[in-house]
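Peer 1:
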Amino acid sequence: MTDRPILRLPEAGRETRLPGRQDKRPRPRGGGSQGQGARFGEQFDRLEEALTGEDADVVLRQDPTGIAPERALVFETIVPIADFKRAADQIQLEVLIESNLDDYDVPEALEDEYADNASPTLYATMPSTRDLNALLKLWRGYQKNEKAPRGLAPWYRVFAMLADLRLWGPRDRLTANAQAELIARLPMDDQDPVRLELEIWPTANRDQRTRWQQDTRVRVEALGGVVISTSSINATGFIYEAALIEMPAAAVREMIENPSAPDGLATVEGLQFVLPQTIAQSLPNPSAAEDDQDQRQYPAFDEGAPIKAVLLDGTPIAGHPSLNGGVIIEDVHDLVGLSQVQHRRHATSMASLILRGDLLADGTPVRESRLLSIPVLIDNEQSATSPDDRLFVDVVHIALARAFLGDEPLAPDAFLVNFSIGVKGAGFSGRISSLARLLDWWADQQGILFLVSAGNVPDDLIIPNTTSLAFEDGTHEERKALVAQAQRSARHTRTLMAPSEAINVLTVGATSHDLADARGPEPAGEIMLEENGQQLPALTSATGLGAMRSIKPDLIHTGGRHNIRMLPAGGHLRLKVVERTQRTGLNVATAGAGAAAMYRTRGTSCANALVARAHLNAAAALQEEGGPFEDQDLGRRDFALITKALAVSASRWNDPAKDMFEAEKQRIGAQRHAQAREETCRYFGHGVLDDFLMTEAPALGATLVGVGTVRRDQAATFEVPLPAPLSGERIGRFMRVTVTWFSPVLPTRARYRLAALDAVAMGEDLLGDPLKDDGWGLDLSTNDIDANIIRRGSVWSRRLKHNGPVVPRYADDEVLPIRVQCRDASGGGLSQDDDIRFAIAVTIELENETSFDIQAEIQDQLRVQLRGAR
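Residue numbers (full-length UniProt numbering): 1 to 870.
1. Which one of G425, G406, A436, D460 has the shortest CA to CA distance from L451?
2. So R345 packs on T315, CB below 8 Å; how close in whole Å?
3. Can you tell me whether H557 is helix, strand or coil according to DSSP?
4. Assuming W139 is part of the alpha helix (DSSP H), what are its boundary residues?
5. Per DSSP, what kind of secondary structure is K552 in: helix, strand or coil?
6. Output yes or no for whether 8 Å exceeds the beta carbon distance between S794 and N504.
7. Spatial neighbours of D860 within its chain, please: C-beta separation below 7 Å, excluding the five flanking residues on both sides.
8. When the Cα atoms are used, what is the spatial distance from D389 to Q340?
9. Just checking, does the segment 773-781 make contact with the segment 738-753 on the three C-beta pairs under 8 Å criterion?
10. Got a sec? Which residues, its chain only, sit under 7 Å from I668 by beta carbon, not counting five neighbours each side?
11. With three or more C-beta pairs closer than 8 Å as the rule, is the segment 265-278 touching the segment 192-210?
12. Skipping 5 residues on each side, what residues in its chain have a beta carbon closer than 6 Å to that of R370?
13. Please return the same chain residues whose Cβ sits closer than 7 Å to the Cβ of N234, not counting the five positions on each side in sequence.
14. Between H397 and the rest of its own chain, which residues show a CB-CB distance below 7 Å, the 5 nearest in sequence each way excluded?
15. Pull up the CB-CB distance for V648 and L555, whole angstroms please, since I reckon it's below 8 Å.
16. For N608, which beta-bridge partners are listed by DSSP?
17. Since R733 and L778 are thought to touch, with beta carbons under 8 Å apart, how far apart are those beta carbons, to the nearest angstrom?
18. Quick one: which unbroken beta strand (DSSP E) runs of 3-plus residues sit fully inside the segment 227-284? Chain order, please.
19. Closest to V423 by CA distance: which of G455, R652, N100 is it?
20. What beta strand (DSSP E) runs, 3 residues minimum, are completely inside the segment 402-432?
21. Identify every residue that forms a DSSP beta bridge with L371.
22. DSSP three-state call for P170: helix, strand or coil?
23. Thinking just about the alpha-carbon of each residue, which of E719, R488, R549, R837 is nearest to the one in residue 871?
24. At which residues does the beta strand (DSSP E) containing L800 begin and terminate?
25. Just grab the DSSP bridge partners of E108 for me.
26. Please classify N145: is it buried, with 16 or more other beta-carbons within 10 angstroms of its beta-carbon, or exposed?
27. Near S550, which residues of its chain fall below 7 Å by C-beta distance, leaving aside the five closest residues on each side in sequence?
28. Please classify K552 as buried or exposed, where buried requires at least 16 other C-beta atoms within 10 Å of its C-beta.
29. Skipping 5 residues on each side, what residues in its chain have a beta carbon closer than 6 Å to that of M255?
30. I need the DSSP call for R870, collapsed to helix, strand or coil.
31. Among I463, L132, M161, D131, which has the Cα closest to the Cα of S119?
32. Rounded to the nearest angstrom, how far is the Cβ of S386 from that of A280, given a contact under 8 Å?
33. Going by the DSSP bridge assignment, what does Y683 pair with across the sheet?
34. Which of the three DSSP states is assigned to residue 872 in this structure?
35. Taking the CB atoms as reference points, tell me whether R367 and N617 lie closer together than 8 Å.
36. I think H686 touches I785, with their Cβ atoms under 8 Å apart; what is that distance to the nearest whole Å?
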């Protein structure tokens, strides 16, 4: 039992959501029927001519560049169209993609004084002949200025705002990022094979997807290639159809140079994307292992403890003395035999950190849990990589299905999946990867918390026009400024590694920090970027933001100390992280030198594993004696959401984060504080995790947690007791309110996340009517993270700090009503019948000691509330 246990909030009452503020910025007016007729009339005239003749389908398909049935038809509009999906459903037109268009030039014909408020949007559809007839009829009505048929007014809005009407083409299928990665992988010999992934349009029509698979195979074989494997996942809310192929390098080079070739791969109509093969990998530390000369004895695991976590990685050494009895391996994909024992380093290290933490600084067993390992990577001498003959999305999906579904799931009690795997060359650039979509879907459907490492950037950092001597002689602040500028310049190459951009996962970055002392003095030629024990983001830790510019990484945690070597690069300086060192890093089990091999390692994978350990320990604390749910059963989803809320709530901007925020304000202007906060979030997220605060309240504060369920436009109100002795006190105070949920997702929408939750504090006006309390009962205002950026993901975490020195006066039995409310974030995609489960964590903390214990006061008031409820 902890000294300052976390408290449970009373059950929430049901309310309605307070109306939000509408975006009242004036939007572009569009082109008008006459102007749009001049721009697009010829296309519709040709369509009408073909549709009114014999064999319309045949005639339309004779023109390879024209609109035709079962060709992806793209509408580009200068503003999003409200209810477009609903209007498309009215004429039975399937919408396959809705996405925002970045760096898009509004056509001159549509420019007006409000053009700066344009937000161009792409809608990709898959029309049938019937759909094209309906579309043509609507266009003619629009041209004649007729009233739109009932429910179809959005189509007239589409026509008015239409910037382009075209087919999905080779440049859409083969993106610039995909081309760059393919070029990087191309062998010199034209006959050498290259593997690609072909993603087929995710239409709900399974027969159509099958035909497209067949068409793809025919084209691949005609180009001298072969289909290695295919995947077809057809689930409610998630459709994935893909083929893994092998092509001669010459054919791939030709496709890159001439993607529009009529008989090329990028012109296959059923393809949505042509991508490099997904090579999922985890990179262990390359240093040599050492045998444990001290023959440490570790406390035994409880072999009857439930499996609360799943590790997707390579194969761990389950018989290692530090892991024996704590990890169970299930070889779902028959990969264990392909991984030689001496190469099983990464998964062994991950299991070691999850189950025991740093072996020298900690070593105690994780509380009330064991670990299930399902290998999805093959360990080799240099790394662990995904099987080269399978689609990795399929590999992960099957592993999760075996772990959580069926009559005999392998891990029925698990609520957490540790995923310290990244996709090679897949830095986030705006498109959510299929692997990220899969994890988002599983999180929502099954209530699983995925902990995903942000990824380690392999590239050295170039400091322009600087020498090693000048850098070394510079002050700590001067060094930080140079590094920050270099990171901004290289931002596009240091982004999150797929699938860490997913919105429902907890994305973890790394700090350059050790838990055990370094061995020996600092080597010559090496430096540290941090000083005096500060925790800075590791230089290699990939940076955010995530999908929809949400806060990513969600938090950062101990990743092992990263020493830096300075190397010349022409007239510039190259900063390189020292990898082959056993002087610093986290102490973990590994393969190699004897049965009890250990070594020191570092990176975002390590930080992620320690965060998994913190979640498992927090889950145990929730139900221990004196814990908030001691007398209650918690399901998988509640464990996942509560521990996630506690993790984010326990993450704080430390002094280096606050220094970065101040430096950014100085660089871009104090009035642009929201942008400065966003820039800081790219590196620190919600802050550095203090895992102690996931199991106990702060020394001068109290933490309360609760769970609830809301639907669209509904709210749940929790009553947080305000300590009576705090009323009128002159003291600094802080509050953190964190809400977590797993949002349903819909990949066909630009606003991919369907459910958005937030929280507001409620008070009363002079007449006793409910009123939003911007001071949160204690005269507080925003601290650290901007109030707008927290609205973008599936975590909402408000950080508040006192405005004035004195706490407002209130009655002895005063409570702060906190209303958690749900809105449709997608513009029509969230059903009124969808139940959204959430968790809330509230921490109230004082700046100085007082004559009373704030936690004891709140706990006493909760007991009074509970007796009153009976």
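Positions of the beta carbon are idealized from the N, C-alpha and C atoms, including for glycine.
Bear in mind the structure is a predicted one, so any value in this text is a computation, not a measurement.
Peer 2: Straight from the coordinates:
1. A436
2. Contact doesn't hold; Cβ gap of about 10 Å is too wide.
3. strand
4. 129-143
5. coil
6. yes
7. Counting only Cβ-Cβ distances below 7 Å, and skipping sequence neighbours, we find nothing.
8. 19 Å
9. no
10. Q675, A676
11. yes
12. A305, I307, G326
13. Short of 7 Å from the beta carbon of N234, and not among the five residues preceding or following it, lie these beta carbons of its own chain, in chain order: R206.
14. I233, L438
15. Indeed, because the Cβ distance is near 6 Å, the residues count as touching under 8 Å.
16. Looking at the DSSP assignment, N608 forms no beta bridge with any residue, so it has no partner.
17. 6 Å
18. 238-248, 271-276, 280-282
19. G455
20. You should have 416-419.
21. A309, V327
22. helix
23. Because the chain is modelled from 1 through 870, residue 871 falls outside the range shown and cannot be assessed.
24. 795-802
25. When beta bridges are read from the DSSP output, E108 appears opposite no residue.
26. exposed
27. I503, R792, G793
28. The residue in question, K552, is buried, as its Cβ has 16 or more Cβ neighbours within 10 Å.
29. G264, L265, A266
30. Low local confidence applies: a pLDDT of 49 at R870 is under 50, so the model's placement there is unreliable, and no value is given.
31. Per the Cα distances, M161.
32. 4 Å
33. Under DSSP, Y683 takes part in no beta bridge, so it has no partner.
34. Past the edges of the chain, shown from 1 to 870, lies residue 872, and the structure says nothing about it.
35. yes
36. That pair is a contact at about 7 Å.
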